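Protein sequences, first through last, are from chains A and B. In our numbering, each number is its position in the first sequence, counted from 1, plus 104. In our numbering, each number is its position in the second sequence, counted from 1, plus 104. Scroll down for the structure; my scribbles are underneath it.
2 protein chains.
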Amino acid sequence: MTTKLLAVLFAAALTSTTCFSQASQPAVVEDFKPSSLNQPGQEYPQVNSQGYARFKIKAPKADSVRVSLGLGGRGGTILTKGEDGFWTGTTAGPMDEGFHYYNVTIDGGKFNDPGALNYYGSVRWESGIEIPAHDQDFYALKEVPHGNVQQILFPSKSTNTARRAFVYTPPSYEKDKSKKYPVLYLQHGWGEDETAWSNQGHANLIMDNLIAEGKIKPFIIVMTYGMTNEVKFGKIREFKIDPFQTVLVDELIPYVDANFRTLTNRDNRAMAGLSMGGMETKMITLNKPETFGYYGLLSGGVYAPEDLNGKAKPKLVFISCGSKERPDGVTKAATDLKAAGYNAVSYVSDKTAHEFLTWRRSLHELAPLLFNK
Amino acid sequence: MTTKLLAVLFAAALTSTTCFSQASQPAVVEDFKPSSLNQPGQEYPQVNSQGYARFKIKAPKADSVRVSLGLGGRGGTILTKGEDGFWTGTTAGPMDEGFHYYNVTIDGGKFNDPGALNYYGSVRWESGIEIPAHDQDFYALKEVPHGNVQQILFPSKSTNTARRAFVYTPPSYEKDKSKKYPVLYLQHGWGEDETAWSNQGHANLIMDNLIAEGKIKPFIIVMTYGMTNEVKFGKIREFKIDPFQTVLVDELIPYVDANFRTLTNRDNRAMAGLSMGGMETKMITLNKPETFGYYGLLSGGVYAPEDLNGKAKPKLVFISCGSKERPDGVTKAATDLKAAGYNAVSYVSDKTAHEFLTWRRSLHELAPLLFNK
């Protein structure tokens, strides 16, 4: 079951899930603006009010330039060369709201768009573009007190190195030096790393805004690299959770508890993850039910009542995905868990697929449910 | 004088300063290994024990692929296409030890090497490569207690936004909650940003190692973006220090002093910067001599005794550059300052140019001299 689930997650991660909402497209409105994720001063890529993306890339002597976004398996967006040596093109339809990874194929080689910022996904630094979402306010940078995101280097005997994690501390953390906080351990997906949740996920801004609105009890978030053992596509069956479980449970958690003001009991510790990070969350919470009190799977599979049977009961099981994924499975799993007496909550992100807007929204839904029991 | 200095710094920053040490080169030793700055799992670019770099980039249908590194103004390293669709090439000679930015021109367009990690320089995210230095131990990741590097978002009324800075706190920071620390404000160069000193500069590791060896008094480092007003090449004369000085002195320093355990008097506050950051350091320390007690210019110009005349006397003036820059000017400036009664120290990094190994070494020399008077 686990390897099958992993196969599904891999497939979801590797398939370009940029969907077009209609077969017949409306006329393209010429109100394109630079994407909010462009490198400083770069005019392209651009996005219009309908969600179309337009690309412009200089390569005067190239024979072909193609952007991976736009037509999924059908080859993305093919750019055409102008007399000025710039290749331009617009997606064939509006794209889903939110964040998308992409890359550019130039004469058969895979490169990034020099206009866009880079984000680690698919085991490489990819270009990123943002289609403004109608609900983007919840992860906007606002004039509210801001928490910090700090890089820590923690000792790891099992991997014989110092490993990196990022720790979000809420705005109040430096004020009241006696207060201790619950901790959420939050994992990225396959091919991503510990930078994903703060870079493309805006986890820190989501928290800052929720805290400013008084909607959540402030807590710490810890994000580290979850592909401790390499997971190559095609070798999924060889995946073992043990190396990462050791790093997380035996090395990182004790380090965080020793170096931050944390509440160290099970009911003040949560684990959640997206996609493959959800699968890791499921495996580790089931192996170590005494360590975590709250579980979250974001586009990362489900728990069945029998998975939890006979173990320390979780305070909360949160299961989510995008409406363009498999929402029925998520909803049914929560229904089954509730029927079996568990506190289970499902969430389906409207009109999104296996991408980061689904997970930003999922974190926004999950956070108020944590550490309240 | 200031604009002339800035012109020199711009020229230094924009000129590819990768020098070859000999006219006649030794035979290339075939012991190439992946650069330490490659993306995970990437075999290329590679570096050999002599300092040659070898590149391998897939672009089967391209007509020309050229790497900017290797021959400076003479066009870099031209790659040649193999039957497998990969373009390969080796620099014509050994490169200087340390970190180098580069990019790849493919059929006339400028892209990055998909094998290498990216670093912000030249107002774009560039590819980076590391030629192992004989003295690299001082910035190596070792089994010592590690400080944290945290991203803060501080309110800035003058620019009407929350601005980002990175704050290094020493390993002891979370242990003794009553201890307060001095602060070094450390600036990047033209075209770089607040990520430079920890990413390509390894400022945190340099500090961790010096602290572990008992060679310095632990202090905090704060790094923020110094090109608050845009500085375009060709518009140098329009550069004004005021916008950045306001952000630094009136907004960032009060925020840091309110949110970290800092010693807030002049003699516990230093400012230093590399290249254009050195020029900013000079301007701001001369405008605000009551704010900073220690000054450092790293490949960023010099102070003359008459610059400091009649102002609050600095505890230390540190001036450095690479031996391939203008070391005589740096040495002479320190001599003149000492003759005029100032505590001045010069440092010349051996066999390096206007690049990051010069600045890593400079920080390593500067740190033990700070906050000791």
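The beta-carbon is built from N, C-alpha and C at its ideal position, and this holds for glycine as well. Because the structure is a prediction, the values reported are computed rather than measured.
Beta-carbon proximity of residue i to residue j, cut-off 9 Å
i	j	result
residue 471 of chain B	residue 364 of chain B	no
residue 397 of chain A	residue 382 of chain A	no
residue 174 of chain A	residue 213 of chain B	no
residue 262 of chain B	residue 355 of chain B	yes
residue 390 of chain B	residue 420 of chain B	no
residue 376 of chain B	residue 414 of chain B	no
residue 161 of chain B	residue 219 of chain B	yes
residue 481 of chain B	residue 331 of chain B	No answer is possible for residue 481 of chain B: it lies beyond the span of chain B, which begins at 105 and ends at 477.
residue 275 of chain A	residue 248 of chain A	yes
residue 295 of chain A	residue 373 of chain A	no
residue 443 of chain A	residue 409 of chain A	yes
residue 150 of chain A	residue 133 of chain A	no
residue 185 of chain A	residue 166 of chain A	yes
Neighbour list for residue i in chain B, Cβ cutoff strictly below 9 Å
i	result
residue 165 of chain A	166, 167, 168, 210, 211, 212, 213
residue 196 of chain A	Chain B residues near residue 196 of chain A: none, gap ~23 Å exceeds 9 Å.
residue 233 of chain A	Those within 9 Å of residue 233 of chain A in chain B number zero; the least Cβ separation is about 15 Å.
residue 227 of chain A	143, 144, 145
residue 284 of chain A	Chain B residues near residue 284 of chain A: none, gap ~13 Å exceeds 9 Å.
residue 186 of chain A	What residue 186 of chain A touches in chain B: nothing, since even the nearest Cβ is about 13 Å away.
DSSP three-state assignment for residue i, whether helix, strand or coil
i	result
residue 474 of chain A	coil
residue 170 of chain B	strand
residue 466 of chain A	helix
residue 141 of chain A	coil
residue 199 of chain B	coil
residue 252 of chain A	strand
residue 482 of chain A	Nothing about residue 482 of chain A can be reported from this structure: the residues present for chain A run from 105 to 477 only.
residue 448 of chain B	strand
residue 257 of chain A	strand
residue 433 of chain B	helix
residue 461 of chain B	helix
residue 136 of chain A	coil
residue 244 of chain A	coil
residue 442 of chain A	helix
residue 320 of chain A	coil
residue 302 of chain B	helix
residue 131 of chain B	coil
residue 157 of chain B	strand
Best match in the options for proximity to residue i [C-alpha to C-alpha]
i	options	result
residue 423 of chain B	B:257, B:192, B:446, B:416	B:446
residue 246 of chain B	B:273, B:315, B:201	B:315
residue 217 of chain B	B:406, B:191, B:240, B:197	B:191
residue 250 of chain B	B:211, B:157, B:279	B:279
residue 370 of chain B	B:286, B:155, B:443	B:286
residue 427 of chain A	A:385, A:219, A:461, A:356	A:461
residue 255 of chain B	B:305, B:434, B:325, B:237	B:325
residue 143 of chain A	A:162, A:196, A:466, A:222	A:222
residue 209 of chain A	A:169, A:467, A:235, A:220	A:169
residue 406 of chain A	A:298, A:293, A:450	A:450
residue 312 of chain B	B:146, B:152, B:459, B:467	B:467
residue 203 of chain A	A:141, A:167, A:147	A:141
residue 455 of chain A	A:239, A:384, A:283	A:239
residue 418 of chain B	B:303, B:260, B:385	B:385
residue 310 of chain A	A:145, A:131, A:463, A:372	A:463
residue 171 of chain A	A:194, A:154, A:187	A:194
residue 388 of chain B	B:281, B:156, B:183, B:344	B:344
residue 272 of chain A	A:244, A:303, A:242	A:303
residue 342 of chain B	B:301, B:182, B:333	B:333
Chain B contact residues for residue i, given Cβ-Cβ distances below 7 Å
i	result
residue 252 of chain A	254, 255, 256
residue 142 of chain A	Within chain B, no residue comes near residue 142 of chain A; the closest Cβ sits about 11 Å away, beyond 7 Å.
residue 281 of chain A	281
Chain-ordered chain A contacts of residue i [CB-CB under 9 Å]
i	result
residue 463 of chain B	Under the 9 Å cutoff, chain A gives no residues; its nearest Cβ is about 20 Å from residue 463 of chain B.
residue 501 of chain B	No information on residue 501 of chain B is available, as it lies outside the stretch 105 to 477 that chain B covers here.
residue 222 of chain B	216, 222, 229
Chain B residues whose Cβ lies nearer than 8 Å to that of residue i
i	result
residue 409 of chain A	None at all; the shortest Cβ gap to chain B is about 38 Å.
residue 218 of chain A	213, 214, 215, 216, 228
residue 344 of chain A	Those do not exist, as residue 344 of chain A stays about 19 Å from chain B at its closest Cβ, beyond 8 Å.
residue 162 of chain A	212, 213, 214
Residue i CB to nearest heavy atom of the ligand ATP below 8 Å
i	result
residue 259 of chain B	The ligand ATP is absent from the structure shown, which contains no ligand whatsoever.
Partner residues on chain A for residue i, Cβ-Cβ distance less than 8 Å
i	result
residue 278 of chain B	363, 364
residue 247 of chain B	259, 266
Of all the beta strand (DSSP E) runs that stay within the bounds of the stretch 260-296 of chain A, which reach a length of 3 or more residues? 265-273, 287-291
Go through the stretch 330-415 of chain B residue by residue and report every complete run of the beta strand (DSSP E) that reaches 3 residues or more, in order. 373-378, 398-402
Please list the segments of the alpha helix (DSSP H) lying wholly inside the stretch 214-238 of chain A, counting only runs of 4 or more residues, in order along the chain. none
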